[in-house]
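Residue numbers for the sequence shown follow this note's numbering, beginning at 52 and rising by one.
Positions of the beta carbon are idealized from the N, C-alpha and C atoms, including for glycine.
Note that the structure is predicted; figures quoted are calculated from it, not measured.
Everything below concerns the one structure shown next.
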Amino acid sequence: MDELVLLGDEALALGAIDAGISSAYGYPGTPSSEIMEYILEHSEKSGDIFASWSSNEKTAYEEAIGVSFVGRRVLVTMKHVGLNVAADPFMNSALLDIKGGLVIAVADDPGMHSSQGEQDSRYFAAFARVMCFEPRNQQECYEMTREAFDISEKFHIPVMIRLVTRLAHSRAVVITSPARKPNILEKTDNTRGWMLLPALARRNWVSLLDRQTDFEKYSTGTDYNPLTINPDFREFGVITSGLGRNYYDEAKLELSSVPSHLHISVYPVPVDKIRKLAESVDKLVIIEEGCTFIEDYLRGYLPQAIEIAGKRDGSVPLTGELNPDNIRGVLGLSQREGLKTDIELPGRPPQLCQGCPHADTYAALNEARESFSNSIVTSDIGCYSLGALPPYNAIETIICMGASVGTAKGAAEAGFEPVTAVIGDSTFLHSGISPLVDAVACNTPMTLVILDNGTVAMTGGQQTIMPSSKLQLLIEGIGVDPAHIKTITPLKKYHAENVEIFKQEMNYKGISVIIALRECLETARKNKKSGGSK
Ligand code: SF4
């Protein structure tokens, strides 16, 4: 046994390593990136795990299914909105006969610190009808990940582990257990559980529904969902999940009576325990991080008469993160004194680094746009999203990975001109290729600008899946006319030349691509420090 100080993400990663994984896949995304980074570092040193970033979350998940099919344990990682991209294989994998343990770690971002939405991944697990673990501290990140692999193999389902930003990115001591050797199961001869032909899928669907009672039995019996009843206090009982438990534990020290309490870490929700708690109290208080997941379930299982206080009635904030202060009111505690300050801190909006190549690209694009009476620039997810803010004010849309290309195509085909889409190299490879194929098929009059800095800069400088040298070949291969694929160097000294190239291609009545090629400064600095290219 070792004692290590780990981030929640790292504790989860080590849990997977010690559970005996053979492989790990993922796509970077805050706050999940450090899970794969920890495994990649381990894999570089020990060589016993195949670990790799993938083009996107969907390909990562499909690669993981392949590992599981041949009997090995595998972890796949992503952020919450990444699960939207992997939703197709994830939902369908619930109907597969999972063999080697398949665990999907999804990190949600309540409060949207670095995300375009606040969705709660527990709904996805419930939608797929699979089990979900929600740790409340780093030790549970480690232990639950190990447990999740056993559960995946026991019930032949993928299992989700849901983290949130504050847990993923905070450190605590973790006590580890002896590592387990990689599990190598035999490939089965009966592969009918892997083929979702309608007749077989119907059978698998019924089997998945039949197994729900086993999942519920597990979640009712596990110590991860502890229930304590205080028969002397009926006024209210408390249900917590995830980090909500930590805030509640702190607040309850000030309560005159300790309420009956159920903590839920494993889903599906333990219905019997919820009913037992509800019978012992007059009101239920729900403290959960994210959406109203548990609260909504309760309303279906409990008599209407019982009062529920939580996010739906405004007793707990419906958006953003929980914290030790914003759950005090629902417990009948007044706000703490002495924590407020009169000092007004100035706003510090995020900014591109000084000298970032994107700044020079936007300067040239903005000047080129001045020659048109009206124009639109769609954009995407990455550091370059900051081009929406002053002093650049260069882009007008940000939706989801790859959406800049499709939305530009639609706007152009509706008759608007000129239309320009701006996307990073990694985001293009993630999900910008397919809409470019569509644009080539229609020879849509639009210009795609690929900001190629050779890295996934916004999430910490992970390596782009394909080197810059291959990007031009890929775009030619898709069918863009080589005469309208231009590469520019976004530097001040080339500004006038770059403006001209933008103007020419924005005037072209077909699909054109401009690659703005220059290394991210932050990645260049890191590479120099480590003595070479990553
Ligand atoms: S990290 Fe790189 S891409 Fe991001 S703002 Fe800084 S220099 Fe630009």
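{"Query": "Range covered by the beta strand (DSSP E) that runs through His409", "Result": "Taken as a continuous stretch (DSSP letters only), His409 belongs to no beta strand (DSSP E), being part of the alpha helix (DSSP H) at Pro408 to Arg420."}
{"Query": "Lys577 to Ala302 span [Cα, whole Å]", "Result": "43 Å"}
{"Query": "Inter-residue CB distance, Ser366 and Gly383 (contact presumed, cutoff 8 Å)", "Result": "That pair is no contact at about 10 Å."}
{"Query": "Segment limits, alpha helix (DSSP H) that includes Ser144", "Result": "Ala138 to Ser144"}
{"Query": "Euclidean distance between Cα positions of Asp586 and Ser103", "Result": "Because the chain in this structure spans residues 52 to 585, residue 586 falls outside the shown range and cannot be described."}
{"Query": "Rounded separation between Ile280 and Leu306 - CA only", "Result": "16 Å"}
{"Query": "Beta-carbon proximity of Val428 to Thr471, cut-off 9 Å", "Result": "yes"}
{"Query": "Limits of the alpha helix (DSSP H) - the one that Ser203 falls within", "Result": "Gln189 to Phe206"}
{"Query": "Burial state of Met52 (16 or more Cβ within 10 Å)", "Result": "exposed"}
{"Query": "Residues that Gln514 bridges to, as DSSP identifies them", "Result": "Thr506"}
{"Query": "Residue of Ala415, Glu88 and Val257 minimising C-alpha distance to Gly512", "Result": "Glu88"}
{"Query": "Between the CA atoms of Gly295 and Phe284 - distance to the nearest angstrom", "Result": "21 Å"}
{"Query": "Proximity below 9 Å, CB of Ala62 to CB of Gln190", "Result": "yes"}
{"Query": "Inter-residue Cα distance where the pair is Arg197 and Asn143", "Result": "24 Å"}
{"Query": "Coarse secondary structure for Glu185, derived from DSSP in three states", "Result": "coil"}
{"Query": "First through last residue of the alpha helix (DSSP H) which encompasses Trp245", "Result": "First-last for Trp245: undefined, no H or E at that position."}
{"Query": "Contact under 9 Å by Cβ, Ala439 with Ile449", "Result": "yes"}
{"Query": "Cβ separation of Leu218 and Pro186, assumed to be a contact under 8 Å, to the nearest whole Å", "Result": "7 Å"}
{"Query": "Short Cβ contact (9 Å threshold) for Met509 with Asn107", "Result": "no"}
{"Query": "Entirely enclosed alpha helix (DSSP H) segments - the region 446-533, minimum 4 residues", "Result": "454-464, 484-493 and 522-529"}
{"Query": "Which listed residue (Ile562, Ala137 and Arg254) has its alpha carbon closest to that of Met211", "Result": "Ala137"}
{"Query": "Integer Cβ distance of Cys183 from Tyr275, believed to fall under 8 Å", "Result": "About 11 Å; that fails the 8 Å criterion."}
{"Query": "Test item, CB below 5 Å from any non-hydrogen atom of the ligand SF4", "Result": "Leu403, Cys404, Cys407, Cys434, Ala508, Cys571, Leu572 and Glu573"}
{"Query": "Residues of its chain near Ala64, where Cβ-Cβ distance is below 7 Å and the 5 sequence neighbours each way are ignored", "Result": "Ile86, Tyr89 and Ile90"}
{"Query": "Contact between the region 352-366 and the region 323-338 (3+ Cβ pairs under 8 Å)", "Result": "yes"}
{"Query": "Within the region 306-359, ranges of the beta strand (DSSP E) (whole runs, at least 3 residues)", "Result": "312-315 and 334-338"}
{"Query": "Given 8 Å, three or more beta-carbon pairs between the region 526-545 and the region 556-574", "Result": "yes"}
{"Query": "Secondary structure of Lys150, DSSP reduced to three states", "Result": "coil"}
{"Query": "Continuous beta strand (DSSP E) stretch holding Val225: start and end", "Result": "Arg222 to Ile226"}
{"Query": "Helix, strand or coil at Tyr76 [DSSP, three-state]", "Result": "strand"}
{"Query": "Secondary structure, alpha helix (DSSP H): runs of 4+ residues fully inside the region 249-273", "Result": "249-261 and 263-272"}
{"Query": "Simplified DSSP state of Glu388, which is helix, strand or coil", "Result": "coil"}
{"Query": "Terminal residues of the alpha helix (DSSP H) in which Leu218 lies", "Result": "Thr216 to Ala219"}
{"Query": "Where Thr574 sits in the DSSP three-state scheme", "Result": "helix"}
{"Query": "Arg213 and Leu57 closer than 9 Å at C-beta", "Result": "no"}
{"Query": "Host beta strand (DSSP E) of Met129 (start-end)", "Result": "Arg124 to Lys130"}
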